[in-house]
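Undergrad:
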Amino acid sequence: MTSRHPAWWALAMLAAAVPAHAQTKTGTALGQFLLIEPSARVAGMGNAGASLGDGLEGAYYNPAAIGRARRFGATFTHSAWLADIRYDYVAAAMPLGGWGNVYGSVTALNSGDMDVRTVQQPLGTGERFRVSDMALGLGYGRQISERFAAGIQLTWLQETIWHSTASAAVLNVGTLYRLAPNGLHIGASISNFGTRSRFDGRDLRFVYDNDPDRYGDNSSLPASRFADDFPVPVLFRVGVGLPVRLDQENTLRFALDASHPSDNSESVNLGGEWTFRDVVSLRAGYQSLFQQDSEEGLTMGAGVHGRLEAYDYRVDVAWADHGRLGSAQRLTVGLDF
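For what it's worth, my numbering labels the leading residue of the sequence shown as 31, then goes sequentially.
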């Protein structure tokens, strides 16, 4: 086996993703909302998107996908996430001709108002708070050759819990290689490689009495609690995809990703898509296969694609099972012009 056979190397790496039995670091990273996949199309295919080189739809999974964009485009996703959490994602791409392509994205997550509960007042103190997250991304991709593309994205994120915030900057890098236009596609990316951060804000300020047994001293000294700093959830993906043209009206696409996260065990995502006349698509997949203590599993989706005057539009929906946590739904609307 030599470097002249990259497909075999990719398949070998995918086969190496086996169940991990060691203790995981689940819940120890900051910015977990960055791991919510925005594309309803790819979500319906089990979120196997590392090898999807279709512009904005694949840019989240692999920034190199934006290198294949040929037109101005925009996409919007809304998700009814778990526990009534609202998730929204907006992205837009602009081609620069021979210079490559640029794109920007905005991600927002909001919990809505929640009751403040304590051990002494489990039914609520009368106060309310909310959790909100935001990420701003700017990326660049280029089709370096007919078969090879590369891309990079810089993202600034902020998590807010009531009046306390934590911010960090992360970097995404990816590559895409096509053995042939209608042959095996190979993709690899590393996401959320960045700095550590900690929460700070007025919620961590308080006053205290240094010596409660002494009278006459200052019993309201200003103080601050120091929170630990946390890393961001780094994620390495490698995947293969295979489009199959059955005839003039029917197309199949298969995708398989292996993921190695910094805060969880390894897993595999897989899925497929059937498209009729480039208009209607049906999808199914399975995510987080082999992941330790996973609550994720079956995914399904559908979509329509058409043209309205000078605009190409795409509307996709997806449903994903999250076990005991329930299910999540996504709606994505895209335009190319």
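A virtual CB, placed ideally from N, CA and C, is assigned to each residue, including glycine.
State the Cα-Cα distance for the pair PRO125 and ALA288, rounded to the nearest angstrom.
TA: Whole-angstrom Cα-Cα distance: 30 Å.
Undergrad: If you draw a straight line from the C-alpha of SER162 to the C-alpha of ASN140, how long is it?
TA: In a straight line, the C-alpha of SER162 is about 4 Å away from that of ASN140.
Undergrad: Which residues in the same chain have their Cβ closer than 8 Å to the Cβ of ARG147, if we skip the five residues on either side of it in sequence?
TA: Once the five neighbours on either side are set aside, the close Cβ partners of ARG147 are LEU153, GLY154 and THR155.
Undergrad: For GLY74, report the span of its alpha helix (DSSP H) as first-last.
TA: Its alpha helix (DSSP H) spans residues 70–74.
Undergrad: How long is the line joining the alpha carbons of GLY327 and LEU251, rounded to whole angstroms?
TA: GLY327 and LEU251: Cα-Cα distance of roughly 52 Å.
Undergrad: Evaluate ASN92 with the Cβ neighbour count: other Cβ atoms within 10 Å of its Cβ, from every protein chain shown; 16 or more gives buried, anything less gives exposed.
TA: ASN92 is buried by the Cβ-count criterion.
Undergrad: Taking the beta strand (DSSP E) that LEU166 falls in, what are its first and last residues?
TA: Here the beta strand (DSSP E) through LEU166 covers 161–173.
Undergrad: Using the three-state DSSP reduction, which class does GLN359 fall into: helix, strand or coil?
TA: In the structure shown, GLN359 sits in a strand (DSSP, three-state: E or B).
Undergrad: For the candidate residues TYR238, ARG255, ALA257 and PHE256, whose alpha-carbon lies nearest to that of SER249?
TA: With distances taken between Cα atoms, SER249 lies closest to TYR238.
Undergrad: For ALA99 versus GLY76, is the C-beta spacing smaller than 8 Å?
TA: Not a contact, by the Cβ cut-off of 8 Å.
Undergrad: Verify whether the separation of the beta carbon atoms of ASP230 and SER194 is less than 8 Å.
TA: Yes, the pair counts as a contact, with Cβ atoms nearer than the cut-off.
Undergrad: Mark THR185 as exposed unless 16 or more other C-beta atoms lie within 10 angstroms of its C-beta, in which case mark it buried.
TA: It is buried - the Cβ of THR185 has at least 16 other Cβ atoms within 10 Å.
Undergrad: Measuring alpha carbon to alpha carbon, tell me which of GLY302, PHE102 and PRO273 ends up nearest ALA332.
TA: The shortest C-alpha separation from ALA332 is found at GLY302.
Undergrad: Going by beta-carbon coordinates alone, are PHE260 and THR58 separated by less than 8 Å?
TA: Yes, Cβ-Cβ distance for PHE260 and THR58 is below 8 Å.
Undergrad: So for GLN317, helix, strand or coil by DSSP?
TA: Residue state, collapsed to three classes: strand.
Undergrad: Which word fits GLU87, buried or exposed, when buried means at least 16 other C-beta atoms lie within 10 angstroms of its C-beta?
TA: GLU87 is buried by the Cβ-count criterion.
Undergrad: State yes or no: is the C-beta of VAL270 within less than 8 Å of the C-beta of LEU286?
TA: The answer is yes: Cβ separation under 8 Å.
Undergrad: What number of angstroms, rounded off, separates the C-alpha of HIS51 from the C-alpha of ASP323?
TA: Model confidence at HIS51 stands at a pLDDT of 46, short of 50, so the residue's coordinates are unreliable; what they give is reported in the following sentence. Rounded to whole angstroms, HIS51 to ASP323 spans 10 Å at the Cα level.
Undergrad: According to the Cβ coordinates, are MET164 and ALA198 closer than 8 Å?
TA: Not in contact: MET164 and ALA198 (Cβ atoms no closer than 8 Å).
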